[in-house]
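Residue numbers 1 to 307, in the UniProt record's numbering, belong to the letters of the sequence shown in order. Every residue, glycine too, gets a C-beta built ideally from N, C-alpha and C. Remarks on the structure that follows.
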Amino acid sequence: MEPRGGTLHRETLPPRLPERTRPQPLRARRTPGIDLRARRPAPQFRGRAGHRAGLLATHGASRRAGLNSLDPAGLRFVAFDFDGTLTDYVQADTAALRDLHAHCALSTPFGEFLTRAVDEIMAFHARVEAGLGDPLHMDEERLGRTLNACGVTCTPGHLHLYTQALLRATVPMPGAADLLTALRARGVPLALLSNAYDGPAQRARIHACFPEQPFDVIVIAGETGHLKPHPRPFQAMLDRLELPAGGGVYVGDSPTHDVEGAVKVGLPAFLVHPHPRVQDRARRLGAAAVAANLDEVGALLALSTSA
(Lines of atoms letter the chains of each structure in order from A and count residues from 1; the text may use other names and numbers.)
(Lines give C-alpha, C1' and ligand atoms only; values in the text may rest on other atoms or scores of the structure.)
Protein backbone atom coordinates (compact mmCIF):
# COMPACT_ATOMS: atom_id res chain seq x y z
CA MET A 1 0.00 0.00 0.00
CA GLU A 2 -0.01 1.45 -0.73
CA PRO A 3 6.96 4.52 -2.85
CA ARG A 4 6.74 7.94 -4.20
CA GLY A 5 9.67 9.84 -5.56
CA GLY A 6 10.10 13.57 -5.30
CA THR A 7 6.77 14.08 -7.05
CA LEU A 8 3.95 13.35 -4.67
CA HIS A 9 1.18 12.52 -7.13
CA ARG A 10 2.21 10.84 -10.35
CA GLU A 11 0.84 8.16 -12.61
CA THR A 12 1.93 4.57 -12.14
CA LEU A 13 3.69 3.30 -15.23
CA PRO A 14 5.51 0.01 -15.79
CA PRO A 15 7.93 -0.99 -14.43
CA ARG A 16 6.04 -1.05 -11.15
CA LEU A 17 7.35 -0.35 -7.68
CA PRO A 18 6.48 -2.19 -4.46
CA GLU A 19 3.01 -1.14 -3.33
CA ARG A 20 2.19 0.92 -0.28
CA THR A 21 -1.03 -0.66 0.78
CA ARG A 22 0.03 -0.32 4.38
CA PRO A 23 2.54 -3.16 4.03
CA GLN A 24 2.31 -5.43 7.03
CA PRO A 25 3.44 -8.89 5.91
CA LEU A 26 4.02 -11.67 8.38
CA ARG A 27 7.61 -12.19 9.42
CA ALA A 28 9.23 -14.56 6.95
CA ARG A 29 11.65 -16.26 9.32
CA ARG A 30 9.35 -16.49 12.33
CA THR A 31 6.05 -17.38 10.70
CA PRO A 32 6.19 -20.37 8.35
CA GLY A 33 3.63 -20.66 5.60
CA ILE A 34 3.72 -17.12 4.23
CA ASP A 35 5.10 -16.88 0.72
CA LEU A 36 7.14 -13.69 0.79
CA ARG A 37 8.65 -14.44 -2.60
CA ALA A 38 5.67 -12.72 -4.16
CA ARG A 39 6.52 -9.07 -4.65
CA ARG A 40 4.48 -6.53 -2.79
CA PRO A 41 1.77 -4.93 -4.87
CA ALA A 42 2.66 -1.58 -6.37
CA PRO A 43 1.19 1.76 -5.30
CA GLN A 44 -1.16 3.65 -7.53
CA PHE A 45 -0.03 7.25 -8.02
CA ARG A 46 -3.40 8.37 -9.26
CA GLY A 47 -3.17 11.90 -7.84
CA ARG A 48 -5.84 14.28 -9.07
CA ALA A 49 -6.31 12.46 -12.36
CA GLY A 50 -8.79 10.08 -10.71
CA HIS A 51 -11.38 12.75 -9.89
CA ARG A 52 -15.02 12.09 -10.72
CA ALA A 53 -15.63 12.42 -14.44
CA GLY A 54 -19.42 12.07 -14.20
CA LEU A 55 -21.58 8.99 -14.60
CA LEU A 56 -21.42 7.70 -18.19
CA ALA A 57 -24.26 6.03 -20.03
CA THR A 58 -24.01 2.28 -19.50
CA HIS A 59 -23.80 1.45 -23.19
CA GLY A 60 -21.15 4.08 -23.85
CA ALA A 61 -19.05 3.08 -20.86
CA SER A 62 -19.26 -0.59 -21.77
CA ARG A 63 -18.20 0.10 -25.34
CA ARG A 64 -15.21 2.19 -24.18
CA ALA A 65 -14.19 -0.49 -21.72
CA GLY A 66 -14.43 -3.35 -24.14
CA LEU A 67 -17.05 -5.12 -22.04
CA ASN A 68 -18.74 -7.75 -24.14
CA SER A 69 -19.82 -10.96 -22.41
CA LEU A 70 -20.57 -9.98 -18.81
CA ASP A 71 -24.24 -9.43 -17.97
CA PRO A 72 -24.50 -6.91 -15.10
CA ALA A 73 -28.03 -8.09 -14.34
CA GLY A 74 -26.71 -11.56 -13.52
CA LEU A 75 -24.13 -10.48 -10.94
CA ARG A 76 -24.14 -12.61 -7.81
CA PHE A 77 -21.45 -10.57 -6.03
CA VAL A 78 -19.00 -7.71 -6.50
CA ALA A 79 -15.60 -7.73 -4.80
CA PHE A 80 -13.09 -4.93 -4.36
CA ASP A 81 -9.46 -4.22 -3.65
CA PHE A 82 -9.02 -1.59 -0.92
CA ASP A 83 -5.97 0.69 -1.17
CA GLY A 84 -5.79 2.51 -4.48
CA THR A 85 -9.31 1.38 -5.37
CA LEU A 86 -11.71 2.39 -2.61
CA THR A 87 -9.33 4.71 -0.75
CA ASP A 88 -6.22 6.72 -1.59
CA TYR A 89 -3.41 5.47 0.61
CA VAL A 90 -0.86 7.91 -0.78
CA GLN A 91 -3.07 10.84 0.18
CA ALA A 92 -3.74 9.43 3.66
CA ASP A 93 -0.08 8.70 4.32
CA THR A 94 0.92 12.18 3.20
CA ALA A 95 -1.64 13.73 5.56
CA ALA A 96 -0.40 11.58 8.45
CA LEU A 97 3.21 12.51 7.74
CA ARG A 98 2.24 16.18 7.65
CA ASP A 99 0.66 15.86 11.11
CA LEU A 100 3.78 14.15 12.42
CA HIS A 101 6.01 16.84 10.91
CA ALA A 102 3.95 19.59 12.55
CA HIS A 103 3.85 17.80 15.90
CA CYS A 104 7.62 17.52 15.98
CA ALA A 105 8.02 21.19 14.98
CA LEU A 106 10.82 20.21 12.63
CA SER A 107 13.00 22.83 11.01
CA THR A 108 13.31 20.54 7.99
CA PRO A 109 10.83 21.68 5.31
CA PHE A 110 7.93 19.30 4.86
CA GLY A 111 8.88 18.57 1.25
CA GLU A 112 12.29 17.30 2.32
CA PHE A 113 10.73 15.35 5.19
CA LEU A 114 8.26 13.72 2.81
CA THR A 115 10.96 12.83 0.30
CA ARG A 116 13.01 11.24 3.06
CA ALA A 117 9.98 9.25 4.25
CA VAL A 118 9.43 8.01 0.69
CA ASP A 119 13.07 7.03 0.32
CA GLU A 120 12.94 5.17 3.62
CA ILE A 121 9.85 3.18 2.73
CA MET A 122 11.41 2.16 -0.58
CA ALA A 123 14.58 1.09 1.21
CA PHE A 124 12.47 -0.80 3.74
CA HIS A 125 10.67 -2.73 0.99
CA ALA A 126 14.03 -3.63 -0.55
CA ARG A 127 15.29 -4.99 2.78
CA VAL A 128 12.14 -7.03 3.30
CA GLU A 129 12.30 -8.52 -0.17
CA ALA A 130 15.93 -9.44 0.46
CA GLY A 131 14.94 -11.19 3.70
CA LEU A 132 16.75 -8.60 5.81
CA GLY A 133 13.83 -6.85 7.48
CA ASP A 134 10.73 -7.55 9.54
CA PRO A 135 7.67 -6.46 7.54
CA LEU A 136 5.70 -5.83 10.71
CA HIS A 137 8.15 -3.12 11.72
CA MET A 138 7.59 -0.84 8.75
CA ASP A 139 6.38 2.17 10.71
CA GLU A 140 9.05 1.84 13.38
CA GLU A 141 11.89 1.56 10.88
CA ARG A 142 10.61 4.03 8.33
CA LEU A 143 9.58 6.76 10.74
CA GLY A 144 12.50 6.11 13.04
CA ARG A 145 15.01 6.62 10.24
CA THR A 146 13.13 9.60 8.84
CA LEU A 147 12.90 11.41 12.17
CA ASN A 148 16.47 10.51 13.09
CA ALA A 149 17.66 12.21 9.90
CA CYS A 150 15.92 15.34 11.20
CA GLY A 151 17.55 15.07 14.64
CA VAL A 152 14.54 13.57 16.45
CA THR A 153 14.35 10.21 18.22
CA CYS A 154 11.18 8.32 17.30
CA THR A 155 9.06 7.33 20.31
CA PRO A 156 5.93 5.19 20.72
CA GLY A 157 4.04 8.48 20.93
CA HIS A 158 5.20 9.44 17.47
CA LEU A 159 4.12 6.07 16.09
CA HIS A 160 0.72 6.38 17.76
CA LEU A 161 0.24 9.89 16.39
CA TYR A 162 1.03 8.72 12.86
CA THR A 163 -1.25 5.68 13.12
CA GLN A 164 -4.19 7.71 14.38
CA ALA A 165 -3.65 10.39 11.75
CA LEU A 166 -3.54 7.70 9.07
CA LEU A 167 -6.87 6.31 10.28
CA ARG A 168 -8.47 9.75 10.21
CA ALA A 169 -7.19 10.40 6.71
CA THR A 170 -8.36 7.04 5.33
CA VAL A 171 -11.50 8.17 3.52
CA PRO A 172 -13.42 6.79 0.54
CA MET A 173 -12.37 7.56 -3.00
CA PRO A 174 -14.79 9.81 -4.92
CA GLY A 175 -17.73 7.66 -5.94
CA ALA A 176 -16.91 4.77 -3.59
CA ALA A 177 -19.68 5.32 -1.05
CA ASP A 178 -22.30 5.86 -3.76
CA LEU A 179 -21.20 2.74 -5.60
CA LEU A 180 -21.32 0.52 -2.52
CA THR A 181 -24.68 1.97 -1.48
CA ALA A 182 -26.17 1.31 -4.91
CA LEU A 183 -24.91 -2.27 -4.92
CA ARG A 184 -26.29 -2.90 -1.45
CA ALA A 185 -29.63 -1.42 -2.48
CA ARG A 186 -29.74 -3.89 -5.34
CA GLY A 187 -29.07 -6.74 -2.91
CA VAL A 188 -25.67 -7.62 -4.35
CA PRO A 189 -23.31 -9.25 -1.81
CA LEU A 190 -20.06 -7.30 -1.39
CA ALA A 191 -16.59 -8.63 -0.66
CA LEU A 192 -13.26 -6.96 -0.01
CA LEU A 193 -9.86 -8.55 -0.63
CA SER A 194 -6.94 -6.43 0.58
CA ASN A 195 -3.30 -7.24 -0.11
CA ALA A 196 -2.14 -6.24 3.37
CA TYR A 197 -0.58 -8.59 5.90
CA ASP A 198 -1.64 -7.42 9.34
CA GLY A 199 -5.33 -8.27 9.55
CA PRO A 200 -6.32 -6.22 12.62
CA ALA A 201 -4.48 -3.10 11.46
CA GLN A 202 -5.93 -3.25 7.97
CA ARG A 203 -9.44 -3.94 9.24
CA ALA A 204 -9.13 -0.88 11.46
CA ARG A 205 -8.44 1.20 8.35
CA ILE A 206 -11.31 -0.43 6.47
CA HIS A 207 -13.70 0.29 9.35
CA ALA A 208 -12.45 3.88 9.57
CA CYS A 209 -13.12 4.32 5.88
CA PHE A 210 -16.50 2.57 5.84
CA PRO A 211 -17.95 2.62 9.38
CA GLU A 212 -21.28 1.37 8.05
CA GLN A 213 -19.50 -1.94 7.31
CA PRO A 214 -20.99 -2.64 3.87
CA PHE A 215 -18.96 -5.78 3.17
CA ASP A 216 -20.31 -9.27 3.69
CA VAL A 217 -16.81 -10.76 3.46
CA ILE A 218 -13.40 -9.24 4.19
CA VAL A 219 -10.22 -11.18 3.41
CA ILE A 220 -6.70 -9.96 4.17
CA ALA A 221 -4.24 -11.65 1.83
CA GLY A 222 -1.49 -12.06 4.41
CA GLU A 223 -3.79 -14.19 6.55
CA THR A 224 -4.13 -16.71 3.71
CA GLY A 225 -0.38 -17.29 3.46
CA HIS A 226 0.04 -15.70 0.04
CA LEU A 227 -0.14 -12.28 -1.59
CA LYS A 228 -2.05 -11.31 -4.69
CA PRO A 229 -1.71 -12.26 -7.53
CA HIS A 230 -1.43 -15.77 -6.04
CA PRO A 231 -4.78 -17.56 -6.43
CA ARG A 232 -5.10 -18.46 -2.75
CA PRO A 233 -6.38 -15.08 -1.46
CA PHE A 234 -8.96 -14.94 -4.25
CA GLN A 235 -10.04 -18.52 -3.60
CA ALA A 236 -10.32 -17.80 0.12
CA MET A 237 -12.66 -14.92 -0.69
CA LEU A 238 -14.77 -17.10 -2.97
CA ASP A 239 -14.93 -19.82 -0.31
CA ARG A 240 -16.17 -17.28 2.23
CA LEU A 241 -18.80 -16.05 -0.22
CA GLU A 242 -19.78 -19.62 -1.12
CA LEU A 243 -20.24 -18.45 -4.69
CA PRO A 244 -18.58 -19.44 -7.99
CA ALA A 245 -15.96 -17.15 -9.52
CA GLY A 246 -17.91 -16.73 -12.73
CA GLY A 247 -20.84 -15.21 -10.87
CA GLY A 248 -19.10 -12.01 -9.85
CA VAL A 249 -16.62 -9.25 -10.61
CA TYR A 250 -13.42 -8.14 -8.89
CA VAL A 251 -12.60 -4.42 -9.04
CA GLY A 252 -9.03 -3.26 -8.47
CA ASP A 253 -6.39 -0.77 -9.57
CA SER A 254 -3.43 -3.07 -10.26
CA PRO A 255 -3.11 -4.94 -13.57
CA THR A 256 -0.79 -7.52 -12.04
CA HIS A 257 -2.13 -8.05 -8.56
CA ASP A 258 -5.82 -7.48 -9.14
CA VAL A 259 -6.51 -8.36 -12.78
CA GLU A 260 -4.01 -11.17 -13.23
CA GLY A 261 -4.81 -12.63 -9.83
CA ALA A 262 -8.57 -12.63 -10.41
CA VAL A 263 -8.24 -14.09 -13.90
CA LYS A 264 -6.22 -17.00 -12.47
CA VAL A 265 -9.30 -18.20 -10.57
CA GLY A 266 -11.78 -17.45 -13.35
CA LEU A 267 -13.08 -14.26 -11.75
CA PRO A 268 -13.87 -11.43 -14.21
CA ALA A 269 -11.81 -8.36 -13.33
CA PHE A 270 -12.48 -4.66 -13.79
CA LEU A 271 -9.48 -2.34 -13.64
CA VAL A 272 -10.13 1.15 -12.26
CA HIS A 273 -7.26 3.47 -13.15
CA PRO A 274 -7.12 6.75 -15.09
CA HIS A 275 -3.96 6.14 -17.11
CA PRO A 276 -4.36 4.63 -20.63
CA ARG A 277 -1.09 2.70 -20.47
CA VAL A 278 -2.10 1.02 -17.24
CA GLN A 279 -5.50 0.25 -18.76
CA ASP A 280 -3.85 -1.27 -21.84
CA ARG A 281 -1.71 -3.49 -19.64
CA ALA A 282 -4.80 -4.68 -17.79
CA ARG A 283 -6.50 -5.55 -21.07
CA ARG A 284 -3.49 -7.61 -22.11
CA LEU A 285 -3.75 -9.49 -18.81
CA GLY A 286 -7.39 -10.32 -19.45
CA ALA A 287 -9.43 -7.56 -17.81
CA ALA A 288 -13.12 -7.85 -18.60
CA ALA A 289 -13.38 -4.05 -18.55
CA VAL A 290 -11.46 -0.92 -17.64
CA ALA A 291 -12.69 2.31 -16.07
CA ALA A 292 -11.06 5.61 -15.23
CA ASN A 293 -12.92 6.00 -11.92
CA LEU A 294 -15.56 4.41 -9.74
CA ASP A 295 -18.42 6.28 -11.39
CA GLU A 296 -17.52 4.50 -14.61
CA VAL A 297 -17.51 1.20 -12.72
CA GLY A 298 -21.06 1.98 -11.61
CA ALA A 299 -22.02 2.62 -15.21
CA LEU A 300 -20.48 -0.68 -16.29
CA LEU A 301 -22.54 -2.42 -13.63
CA ALA A 302 -25.70 -0.65 -14.84
CA LEU A 303 -26.11 1.22 -11.57
CA SER A 304 -27.46 4.65 -10.86
CA THR A 305 -25.13 6.08 -8.20
CA SER A 306 -26.57 9.58 -8.16
CA ALA A 307 -28.15 10.78 -4.95
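Here the segment 218-233 makes no contact with the segment 113-122; the two share fewer than three CB pairs at distances below 8 Å. Within the same chain, no residue comes within 7 Å of residue 130 by CB-CB distance, once the 5 residues on both sides are set aside. Under DSSP, the beta-bridge partners assigned to residue 83 are 87. Comparing alpha-carbon positions, the option among 253, 216 and 254 lying closest to residue 239 turns out to be 216. Exposure of residue 246 is indicated by the presence of fewer than 16 other C-beta atoms within 10 angstroms of its C-beta. Within the DSSP bridge table, the entry for residue 248 names 77 as partners. Counting along the chain, residue 191 sits inside the beta strand (DSSP E) bounded by residues 190-194. Annotation: the continuous beta strand (DSSP E) that includes residue 271 extends over 269-272.
In the three-state DSSP reduction, residue 289 falls in the strand class (E or B). Per the Cβ contact rule, the segment 77-87 is not in contact with the segment 133-150 (fewer than 3 Cβ pairs under 8 Å). When the beta-carbon positions are compared, residue 248 and residue 222 stay at least 8 Å from each other. Taken through DSSP and simplified to helix, strand or coil, residue 128 comes out as helix. Comparing C-alpha distances from residue 172 to each of 124, 302 and 85 shows the shortest one belongs to 85.
No residue range can be given for residue 171, since it is assigned to no alpha helix (DSSP H) and is classified by DSSP as neither H nor E. Pairing residue 179 with residue 208 gives a Cβ-Cβ distance that is not under 8 Å. Taking a cut-off of 8 Å on C-beta distances, the segment 151-160 touches the segment 91-109, as three or more cross pairs fall below it. With a beta-carbon spacing of about 6 Å, residue 100 and residue 158 fall inside the 8 Å limit used to define contacts.
Residue 193 is a Cβ neighbour of residue 234, given a cutoff of 8 Å. Counted as a single uninterrupted DSSP element, the alpha helix (DSSP H) harbouring residue 278 occupies residues 276-284. Classified as exposed, residue 160 has fewer than 16 neighbouring CB atoms from the shown chains inside 10 Å of its CB. Excluding five sequence positions before and after residue 145, the CB atoms of its chain that fall closer than 6 Å to its own CB belong to 120, given in chain order.
Per the DSSP secondary-structure output, residue 217 pairs in a beta bridge with 191. In this structure, DSSP gives residue 139 a helical state, which the three-state scheme calls helix.
Per DSSP, reduced to three states, the secondary structure at residue 298 is helical. DSSP places residue 163 within a helical segment (H, G or I) once states are collapsed to three. Note that the C-beta distance between residue 255 and residue 272 is not below 8 Å.
Sorting 280, 196 and 176 by C-alpha distance to the C-alpha of residue 190 places 176 at the top.
With contacts defined by Cβ atoms closer than 8 Å, residue 251 and residue 297 form a contacting pair.
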